[in-house]
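In the numbering used here, the protein residues as written are 3 to 221.
For glycine and all other residues, C-beta sits at the position ideal for the given N, C-alpha and C.
Scroll down for the structure; my scribbles are underneath it.
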Amino acid sequence: NEYKSYLRKMTSALQQCVDTAFKIFPNKITISRENLETMMGIINCLTKEELDTKPKYLSTNSIVHSKILDSKFFHFDIFYVKKGHKLPLHDHPGMVGIMKVLFGEMRVRSYSVERQSGLKRTTSRNMVTCRKTQDSVFTVESKPIYLTSTKDNIHEVIAESDIAFFDCLAPPYEDNCTFYRLMEDYDSADEIVHLRSVGTDPSYITAPRMYTGISYKVP
């Protein structure tokens, strides 16, 4: 037991994330609450130093995407977003997602689809009826933020300052995500809102950059 504890201490948080993800995400239709909390606890240990985040990436780009690991079961990525920019409202069909702030202040606005299991769109103007479930600012001291196929599945990420965050998605997108817009009759005080699918968002452009952080091994 002492030797196993010693090995855990000698293993990087990223390697523990990789090992755990390969255990809990493959061939799982649903992720248990216990496994989700285990994954979140390990992700919470990730640091900007271990992942070698590069604030300078934002000197020439508004949104930067750095891919850490790309498997058929899940993705690990780092996103950088310049202050005042955002990842527009988008969905994650049938997916689990976990985000961890690495630096900066990040606002997340989340919506859960009402009266449906997962994402089901109405035929009327391609709308979804949602409940606004979150509008909060997160920092490096915050616990990871998570979403499921039925909870907080549509969200937008707004940079209150220059930010970087770790992003885990399982399973990966089969196709591109769908972007949404709030309907014109939206009131910020409303809890129930209507979102209109707009397909793609031409304003959302990411610049790829190489991951330079700590290395890992795939089991």
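Buried versus exposed, by CB contacts within 10 Å (16 or more), residue i
{"i": "Asn178", "result": "exposed"}
{"i": "Ser119", "result": "Bear in mind that the predicted position of Ser119 carries a pLDDT of just 39, short of 50, making it too unreliable to give a figure here."}
{"i": "Ser68", "result": "buried"}
{"i": "Asp93", "result": "buried"}
{"i": "Lys84", "result": "buried"}
{"i": "Gln18", "result": "buried"}
{"i": "Ile207", "result": "exposed"}
Residue i, enclosing beta strand (DSSP E) - first and last residue
{"i": "Asp137", "result": "129 to 140"}
{"i": "Arg183", "result": "181 to 184"}
{"i": "Val220", "result": "No beta strand (DSSP E) contains Val220, which DSSP labels as neither H nor E."}
{"i": "Ser205", "result": "That residue, Ser205, is in no beta strand (DSSP E); it is neither H nor E in DSSP."}
{"i": "Ser199", "result": "194 to 201"}
Nearest candidate by alpha-carbon position, reference residue i, set the options
{"i": "Val195", "options": "Glu162, Ser112, Arg211", "result": "Ser112"}
{"i": "Glu162", "options": "Pro90, Gly86, Cys170, Pro221", "result": "Gly86"}
{"i": "Ile26", "options": "Ala15, Thr13, Thr40", "result": "Thr40"}
{"i": "Ser34", "options": "Thr150, Ile156, Thr141", "result": "Thr150"}
{"i": "Arg109", "options": "Ala209, Glu158, Thr22, Thr49", "result": "Glu158"}
{"i": "Ser14", "options": "Thr131, Ile216, Pro204", "result": "Ile216"}
{"i": "Asp72", "options": "Met101, Pro174, Thr152, Phe168", "result": "Pro174"}
{"i": "Lys134", "options": "Ser64, Ser114, Asp79", "result": "Ser114"}
{"i": "Pro204", "options": "Lys102, Leu171, Leu89", "result": "Leu89"}
{"i": "His77", "options": "Phe140, Pro146, Val139, Phe168", "result": "Phe168"}
{"i": "Lys153", "options": "Glu36, Gly99, Val142, Ile65", "result": "Gly99"}
{"i": "Ile45", "options": "Arg198, Pro146, Leu197", "result": "Pro146"}
{"i": "Cys170", "options": "Thr62, Pro57, Phe81, Ile65", "result": "Phe81"}
{"i": "Leu53", "options": "Asp79, Gly43, Leu38", "result": "Asp79"}
{"i": "Leu91", "options": "Pro221, Ser199, Val142", "result": "Ser199"}
{"i": "Val142", "options": "Leu60, Asn155, Ile165, Phe24", "result": "Ile165"}
{"i": "Asn63", "options": "Ala209, Tyr213, Lys219", "result": "Ala209"}
Beta-ladder partner(s) of residue i, from DSSP
{"i": "Asp169", "result": "Asp79, Met101"}
{"i": "Leu149", "result": "Gly99"}
{"i": "Ser112", "result": "Gln136, His157"}
**Report entry** Contained beta strand (DSSP E) runs [length at least 3] in the stretch 22 to 107, N- to C-terminal order
**Finding:** 65 to 72, 77 to 83, 88 to 92, 98 to 105
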